[in-house]
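J.: Let me give you the structure first, and then I'll get to my questions.
And the structure:
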């Protein structure tokens, strides 16, 4: 009898990444539970039951932006066209979860941004981070702890198909909060996109009706505790908020740009600046 052979072709449908998806160390991603979301992070709808990460894979981040219009031109040119991922851990030393932006009173490696609309338009975190790394060279750890811990000493290895970790610029930090911190936070940030106010004057500061930190941490809910670091109130005495560093300078050698998000006692969303030697959170992102 003659032999017969059969060929089986398996087609795997491509599933584009979306906000809230789990991003793994091998450069793949899986569903994080988002059902729908409008532009600028408005009206997000999440599944009643949050999916768990894929067994056997290591989650290193959460997808926080997929809008092609919000991806830096330089990142697109390098082939990173999907968007951005925020790490599931903070960049920090063994002694503290918070870190100083810089200890250099002459710091001027990143462009300054004082107007809210300028903040929104800046999505060049990779460029700003690498400029700082280049400027300080072997002295980076001494003068720019947040940058050094992000680029050289971060506990999570980035996927080989990504840009590697860097600090988010003002616009990238903006998008992270808008897309992962609920509708009311996104609505405020939408209103501020065209604001011409200097953020130091306090016009870009409003309360919402919920715990903003907890809303962000919901995206990490199904990740085992020893594989993540949740955001938390970094200064309960003065602000009762979580202070998040951007790469971007506010006043060279003096202050840097931050976003405050509030916890259970103060439901704040605020664009602000802080002294460069203040202790805040460095939450790295990567382009993929």
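Numbering (this note's numbering), first residue to last: 1376 to 1663. All residues carry an ideal CB built from backbone N, CA and C; glycine is no exception.
At the level of alpha carbons, what is the spacing between residue 1645 and residue 1492?
T.: Using only the alpha carbons, I get a separation of about 14 Å.
J.: In three-state DSSP terms, what is residue 1547?
T.: It is helical.
J.: Could you give the first and the last residue of the continuous alpha helix (DSSP H) run that contains residue 1492?
T.: Counting along the chain, the alpha helix (DSSP H) containing residue 1492 begins and ends at 1491-1496.
J.: Could you tell me the alpha carbon to alpha carbon distance between residue 1611 and residue 1541, rounded to whole angstroms?
T.: Spanning the two alpha carbons is a distance of roughly 27 Å.
J.: Tell me, please, which residues DSSP counts as bridged to residue 1656.
T.: Its beta-bridge partners are 1619.
J.: Which ranges does the alpha helix (DSSP H) cover as unbroken runs of at least 4 residues, wholly within the region 1566-1623, from first to last along the chain?
T.: Entirely contained in the region 1566-1623, the alpha helix (DSSP H) runs reaching 4 residues are, in chain order, 1587-1592.
J.: Whole angstroms is fine: what's the gap from residue 1466's alpha carbon to residue 1621's?
T.: Using only the alpha carbons, I get a separation of about 13 Å.
J.: Roughly how many angstroms lie between the CA atoms of residue 1623 and residue 1479, to the nearest whole one?
T.: Between residue 1623 and residue 1479, the C-alpha separation is close to 15 Å.
J.: Taking C-beta to C-beta, are residue 1666 and residue 1561 nearer than 8 Å?
T.: Nothing about residue 1666 can be read from this structure; the chain reaches only from 1376 to 1663.
J.: Using the DSSP secondary-structure output, state which residues sit across from residue 1630 in a beta bridge.
T.: According to DSSP, which records beta bridges pairwise, residue 1630 is partnered with 1626 and 1650.
J.: So who's on the other strand from residue 1722, going by DSSP bridges?
T.: This structure cannot settle anything about residue 1722, because the visible part of the chain is limited to 1376 through 1663.
J.: Please report the straight-line C-alpha distance between residue 1411 and residue 1512, rounded to a whole angstrom.
T.: Taking the straight line joining both Cα atoms gives about 43 Å.
J.: Whole angstroms is fine: what's the gap from residue 1651's alpha carbon to residue 1615's?
T.: Distance between the alpha carbons of residue 1651 and residue 1615 is about 19 Å.
J.: Below 6 Å CB to CB, which residues in the same chain sit around residue 1526 once its five sequence neighbours on both sides are set aside?
T.: Counting only Cβ-Cβ distances below 6 Å, and skipping sequence neighbours, we find 1508.
J.: What span of residues does the beta strand (DSSP E) with residue 1399 cover, start to end?
T.: Segment 1397-1399, the beta strand (DSSP E) holding residue 1399.
J.: Could you tell me whether the Cβ atoms of residue 1660 and residue 1462 are closer together than 8 Å?
T.: Going by C-beta atoms, residue 1660 is nearer than 8 Å to residue 1462.
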